Every structure is written in C-alpha cells, then in structure tokens.
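One structure is given here, and the rest of the page talks about it.
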Amino acid sequence: MMLLQWTLTPDLLYQAGTGILLFLLVVAAIFSLVQKDLLMAIVGTSLVSLILSVLFLLLHAPDVALTEAAIGVALTTVIFLIALRKTGRYEE
Amino acid sequence: MNIMTIIGMALTTQGALFLLLGAIGIVRMPDMYTRMQAGTKATTLGAMSFILGIGFMEPAWLLKTILIVVFIALSNPISSHALARAAHRSGIFPLSRENIDLYKRDNQEDKS
Amino acid sequence: MKKLLATFLLGFIGFYLYTAFAGVPFGESKMKVGKDYLETTVPKTGAVNTVTSIVVNYRGFDTLGEVTVLFLAATGLGAILFGMKGKPEDKHREPSSILTTGAKALFPIIVLLGAYIFIHGHLTPGGGFQGGTIIATGVLMLILGIKKFHANHALLSIMESLAGITFVVAGILGLAFGKTFLENILPLGTPGQVFSAGVIPIIYVAVGFKVGAELAGVLDTMMSTTRGEE
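Residue numbers (my numbering), protein chains in the order written: chain A, 1 to 92; chain B, 1001 to 1112; chain C, 2001 to 2230.
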C-alpha cells in the first residue's frame, strides 16, 4: 500500500501521460510524413491534431484544445479529403 | 453518500467495464465486421452509462449529460452503419466458413 | 551527403531551440503582462474567461482583421472554383436512408452545441470561431448525408454580411459614445451570468454566425465541384 501511494501520485501520472502523448505525437507525425498513400497521410495528420488537442487540455489550455479539436481534427481533414478526391490517391 | 452518488458510481463502473470489453474485442476479434461490432456496440453502451453516471454524481449536470447520451445513442450506430457499408462497398468481406452475405443478396437488384 | 547536412542542420536548430526554451519557466510565475491581464480582466471587462476578454476586448481590432482574412479566403476559393464541374457521381455511393434520416435528426443537436459554445464564449472555453466551425461541420454532415443537398448560398451571404455589419457597428458605437473603437459601452453586469461582460457576447455571436456561414459556404462549394452535378 505504501509503495502504491509512493508510485501513483497524481503528479507522476500527469507527467507520464503527457510524456506518452508527446511520444505518440512524434510517432504519428513521422508516420504521416513517410506514407506514400496520401489517404493514410491525411489520417496521420488528423491523429496528430487529436493527440495535440488532448495535450492542450492536459496543459490547462481548453480554449486552444477546443479550437484544435474542431478545426484540426474535423475541418482540415475533411478539406484535405475533398482535395484528395479531386486529385490522385498515391504519391509518385 | 446519498443514493444518487451510489447510482452514479454503479453506472460509471459498468461503463468502464463495457469500454474495457470493447477494447479487448477490438484486439481479439478475427475480421473487420466482428471487430466493429465490439468497437461500436460495447463502447456505445459503455460511453452512455459512463456519462450518465457522471450526471448522477453531479446532479447539476444531469440535463446536459442526458443530452450527450441522446447524441451518442443517435450518432454512434449511424456512424458504424456508414462504416460497415463503406467497408462492404470497398470489397472487404466477412470471414466466415459458409460465405453468407445477406447484404449482398438483398441488394442484388439495385447493384446492377 | 544531403541527409547528413539535413541531420546536422536539424541538430543545430534543435540545440538552439532547446537552449532558448530551457530557461523559460513553465507554469510557475506569470510574466508581468499576463499577471496584469489575469488580475484586471474580471473587474475591467466582466468576462470570466480571460482568453475571450483578450481576443474580443483587448485585441478586438485584431479579431476583426482575422475575420476579414477568413472572409477573403472564402471569397478567393469561391472565385477559383467558380464554374468547375467534377466527374459524374458513382451510383453506388449515394447515402442510405438510415444516413439521411440520421443526418436530419442530428443536425439540430450539433447546431445547439455550436450555439451553446459561442453564446457562452465569455464564461466557458470556446467562442465564436470554435462554435462557428462546429456548425459548419453540421452542415457538412447534411451535405454528405442527403442526396443532392445544397446550402442556400444567398442565405449564407446574408447571414455573413449581417454578422460582419454587427461587428463593425459594435465597434463604431464605441466611437459614437466618445470612446475608442470597439470599446465597451454597455453595462458590465455580474460576472458569471450569460448577460454580462457588455459588448463581448454580441461580438462573439456575430463572429460565430460569420465563421459558420463562411465555412459552410466553403465546404459546399468544394463538395459541389467535386461530386459533379449533371
């Protein structure tokens, strides 16, 4: 019980969560960079925005988090998808 | 601790349990449609009861949480329907021994 | 060679960024300007949300510029895509009846959420830009879910113009009462109520309508050029 209290403080959990999210952010960004399939690249950028919005919420910036969630996750992805439909799906 | 808090705790526990089941189902199921079944049905019930439980714990938020529950109950099945339909259209077929595909049989005439 | 150079440059930039940001204390003591804003926002502007009071009140003129930039972007997109026609629609891709009904049923709830966000912009996180974007997403759902749906562009332009006029009139009223442009002329009220903070809610509602109408118009223009009406 003592060990549990020592290891699982809210501060430590907060920092660990932020660190994991930052790592996933970098992974998702690299994923969307190296993709040849542009649809997967768009999904990757959307994932970057989603993780970033959760990070903003954890760092006490709910205004920016809401903006990122509405514009980055939903609207930009949709506009990219419409543009993708007009052009080709694969990168040469 | 009043009765509302106890109901809320029970509902949140149930919701967390169903969300966990959905997550396990996504990992364990064999093909796309069964995975989607786990990932949409279980998480719909899980999210709904979790949010409703939060509403019971904080009675000031009850109206808003009921509205969110209605939204989830409407939107989640519709989005999973659209997802399954799109998957069927793009040629992903269910993994079964008997090759039963009722959707294809029912939509045979307007596909021509 | 190229990759080596790129790696070297990246390391260089990373090192200097690290040295620049390592000294900045994060989340501990506020800087002088930030501290001043945090302390004087509620008595001066009546808005509980400090971000909103900065965006609409202290930096209101910049927000007018931002809205103008968005308007210009929407107009430019309309000018580029004017008269373009896409390839004819694949017949199997039309929405099913479940999708159509669901889109119609869900649209009011999404509009309610957007309106809630921009009406409570001075109390809770969010504001005109976020609420307007959410409303535009609802319109996108209608476009995707209903066959041959078209947004009413005349109505959208009227809404957009009225919202822009409201913003500018709220600014000019400040001048007319002998103060500066966009300065508050209404009573502040009690902080925390919906009808408080003077002119901020009016401006944010106008911004919400304007952004929603513009983005809905952009999405409808793009969709109708790609899906190709006969």
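Backbone N, C-alpha and C define an ideal beta-carbon position, used for all residues, glycine too.
In this text the structure is predicted, and so the values were computed from the model without any measurement.
Task: Neighbourhood of C/A2213 by C-beta distance below 6 Å, restricted to the same chain and skipping five residues each side - done: Counting from one through the third sequence, the residue named residue 2213 of chain C turns up at place 213. For C/A2213, the CB contacts under 6 Å within the same chain, skipping 5 residues up- and downstream, are L2156, M2159 and E2160 in chain order.
Open item on the list: Can you check whether the C-beta of C/L2106 is within less than 8 Å of a C-beta belonging to chain B?
Closed with: For the purposes of this step, residue 2106 of chain C is taken as residue 106 along the third sequence, with counting starting at 1. Yes - at least one Cβ of chain B is within 8 Å of the one on C/L2106.
- [ ] Please list, in chain order, all residues of the same chain as B/Q1014 whose beta carbon is under 7 Å from its beta carbon, the five residues on each side excluded.
- [x] Here the question's residue 1014 of chain B lines up with position 14 in the second sequence. For B/Q1014, where only same-chain residues beyond five positions count, the Cβ hits under 7 Å are S1049.
- [ ] Could you please tell me which residues of the stretch 1075–1094 of chain B, in chain order, have their CB closer than 7 Å to any CB of chain C?
- [x] If the cut-off is 7 Å between Cβ atoms, the stretch 1075–1094 of chain B has S1075, I1078, H1081, A1082, R1085 and R1089 near chain C.
- [ ] Would you mind stating whether C/G2102 and C/G2145 have Cβ atoms separated by less than 8 Å?
- [x] Taking the third sequence and counting its residues from 1, one reaches residue 2102 of chain C at position 102. Taking the third sequence and counting its residues from 1, one reaches residue 2145 of chain C at position 145. The answer is yes: Cβ separation under 8 Å.
Open item on the list: So, at 8 Å on beta carbons, what are the nonlocal neighbours of B/M960 in its own chain, with the 5 sequence-adjacent residues on each side left out?
Closed with: Shown here, chain B extends from 1001 to 1112; a query on residue 960 of chain B therefore has no answer.
Task: Reference C/D2220; option with closest CA among C/K2003, C/K2044 and C/A2074 - done: Taking the third sequence and counting its residues from 1, one reaches residue 2220 of chain C at position 220. Answer by Cα proximity: C/A2074.
Task: Contact between the stretch 2163–2178 of chain C and the stretch 2057–2076 of chain C (3+ Cβ pairs under 8 Å) - done: Yes, the stretch 2163–2178 of chain C touches the stretch 2057–2076 of chain C.
- [ ] Please compile the residues from chain C whose C-beta is within a distance smaller than 7 Å of the C-beta of A/A74.
- [x] Numbered from its first residue, the first sequence carries residue 74 of chain A at position 74. Those within 7 Å of A/A74 in chain C are T2137.
- [ ] With a threshold of 16 other CB atoms inside 10 Å of the CB of C/I2200, please say whether the residue is buried or exposed.
- [x] Position 200 of the third sequence, counting from 1, holds the residue named residue 2200 of chain C. For C/I2200, the number of other beta carbons within 10 angstroms of its own is at least 16, and it is reported as buried.
- [ ] Starting from C/K2104, trace the alpha helix (DSSP H) both ways and give me its first and last residue.
- [x] By 1-based counting over the third sequence, the position of residue 2104 of chain C is 104. C/K2104: member of the alpha helix (DSSP H) spanning S2097 to I2119, first to last residue.
TODO: Please decide whether C/I2098 counts as near chain B, where near means a Cβ-Cβ distance under 8 Å.
DONE: Within the third sequence, the letter at position 98 stands for residue 2098 of chain C. Proximity of C/I2098 to chain B, defined by a Cβ-Cβ separation below 8 Å, is satisfied.
Task: C/V2056 burial status per 10 Å Cβ neighbour count (16 or more: buried) - done: Counted from its first residue, the third sequence places residue 2056 of chain C at position 56. Buried is the call here.
- [ ] Check whether the stretch 60–69 of chain A touches the stretch 1021–1034 of chain B, counting contact only when three or more Cβ pairs, one atom from each stretch, lie closer than 8 Å.
- [x] Flag = no, the stretch 60–69 of chain A and the stretch 1021–1034 of chain B do not touch.
- [ ] Could you confirm whether any beta carbon from chain C is found closer than 8 Å to the beta carbon of B/F1018?
- [x] Indexing the second sequence from 1 puts residue 1018 of chain B at position 18. Put simply, the CB of B/F1018 is far from chain C, with every gap to its CB atoms at 8 Å or more.
Task: Terminal residues of the alpha helix (DSSP H) in which B/R1028 lies - done: Locating residue 1028 of chain B in the second sequence gives position 28, counting from the first residue. Its alpha helix (DSSP H) spans residues I1003 to R1028.
Open item on the list: Which residue wins for smallest C-alpha separation from B/L1067, given the options C/I2109, C/I2080 and C/T2040?
Closed with: Here residue 1067 of chain B corresponds to residue number 67 of the second sequence, with the count starting at 1. When each option's Cα is compared against that of B/L1067, the closest is C/I2109.
Task: Beta-carbon gap between C/G2198 and C/N2184 smaller than 8 Å - done: Residue numbering aside, residue 2198 of chain C sits at position 198 when the third sequence is read from its first letter. Residue numbering aside, residue 2184 of chain C sits at position 184 when the third sequence is read from its first letter. Yes, Cβ-Cβ distance for C/G2198 and C/N2184 is below 8 Å.
Task: Coarse secondary structure for A/D37, derived from DSSP in three states - done: Within the first sequence, residue 37 of chain A is the residue found at index 37, counting from 1. In the three-state reduction of the DSSP assignment, A/D37 falls in the strand class.
Open item on the list: Taking CB distances under 8 Å as the criterion, tell me whether C/I2146 reaches chain B.
Closed with: In the third sequence, the residue the question calls residue 2146 of chain C occupies position 146. With 8 Å as the cut-off, C/I2146 does not count as an interface residue toward chain B.
Open item on the list: Which residue marks the beginning of the alpha helix (DSSP H) containing C/N2057, and which one marks its end?
Closed with: As a first step, residue 2057 of chain C must be located in the third sequence, where it is residue number 57. For C/N2057, no alpha helix (DSSP H) segment is defined, and its DSSP state is neither H nor E.
Task: Inter-residue Cα distance where the pair is A/S46 and B/M1001 - done: Taking the first sequence and counting its residues from 1, one reaches residue 46 of chain A at position 46. Taking the second sequence and counting its residues from 1, one reaches residue 1001 of chain B at position 1. CA-to-CA, the gap between A/S46 and B/M1001 works out to about 43 Å.
Open item on the list: With the cut-off set at 8 Å, would you say C/K2151 and C/A2105 are in Cβ contact?
Closed with: In the third sequence, counting from the first residue as 1, residue 2151 of chain C sits at position 151. In the third sequence, counting from the first residue as 1, residue 2105 of chain C sits at position 105. One detail in the question is off: residue 2151 of chain C reads as Ala in this sequence, not Lys. With respect to the 8 Å criterion, C/A2151 and C/A2105 are not classified as neighbours on the basis of their beta carbons.
Open item on the list: So A/P10 contacts chain C; which residues on that side make the cut at Cβ distance below 9 Å?
Closed with: Counting from one through the first sequence, the residue named residue 10 of chain A turns up at place 10. Going along chain C, no residue has its Cβ under 9 Å from A/P10, so there is no contact; the nearest lies around 15 Å.
Open item on the list: On the CB-based measure, 16 or more other CB atoms within 10 Å of its CB, does C/E2230 come out buried or exposed?
Closed with: Within the third sequence, numbered from 1, the residue matching residue 2230 of chain C stands at position 230. With a pLDDT of 41 at C/E2230, under the threshold of 50, the predicted position of this residue should be treated as unreliable, and no value is reported.
Open item on the list: Relative to the C-alpha of C/A2210, which candidate in C/E2039, C/T2068, C/N2049 and C/T2045 has its C-alpha closest?
Closed with: The residue you call residue 2210 of chain C lines up with position 210 of the third sequence. Looking at the sequence itself, residue 2210 of chain C is Lys, so the reference to Ala does not match. Residue C/T2068 holds the alpha-carbon nearest to the alpha-carbon of C/K2210 among C/E2039, C/T2068, C/N2049 and C/T2045.
Open item on the list: Rounded to whole angstroms, what is the Cα-Cα separation between C/F2107 and A/I79?
Closed with: Indexing the third sequence from 1 puts residue 2107 of chain C at position 107. Indexing the first sequence from 1 puts residue 79 of chain A at position 79. Here the alpha carbon of C/F2107 sits roughly 20 Å from the alpha carbon of A/I79.
TODO: Can you check the stretch 2153–2207 of chain C for any alpha helix (DSSP H) of at least 4 residues that lies completely inside it and give the ranges in chain order?
DONE: Within the stretch 2153–2207 of chain C, the complete alpha helix (DSSP H) runs of at least 4 residues are 2153–2176.
Open item on the list: So B/F1050 contacts chain C; which residues on that side make the cut at Cβ distance below 7 Å?
Closed with: Walking along the second sequence from the start, residue 1050 of chain B turns up at place 50. Residues of chain C passing the Cβ test: none, with the nearest at roughly 19 Å.
Task: Short-range partners of chain C found in the stretch 16–49 of chain A, where Cβ spacing is below 9 Å - done: So nothing in the stretch comes that close.
Open item on the list: Buried or exposed for C/I2134, going by 16 or more other Cβ atoms inside 10 Å?
Closed with: Within the third sequence, the letter at position 134 stands for residue 2134 of chain C. So C/I2134 ends up on the buried side.
TODO: Could you name the residues of the stretch 67–91 of chain A whose beta carbon sits closer than 9 Å to any beta carbon of chain C, in the order they occur along the chain?
DONE: Here the close residues are T67, A69, A70, I71, A74, L75, V78, I79, I82, A83, R85 and K86.
- [ ] Taking all protein chains shown into account, decide if C/Q2193 is buried (16 or more other Cβ within 10 angstroms of its Cβ) or exposed.
- [x] Taking the third sequence and counting its residues from 1, the one referred to as residue 2193 of chain C is at position 193. It is exposed - the Cβ of C/Q2193 has fewer than 16 other Cβ atoms within 10 Å.
Open item on the list: Only counting the same chain, and skipping five residues up and downstream in sequence, which positions put a Cβ closer than 8 Å to that of A/T18?
Closed with: Mapped onto the first sequence, residue 18 of chain A falls at position 18. Result list for A/T18: L55, L58 and L59, in chain order.
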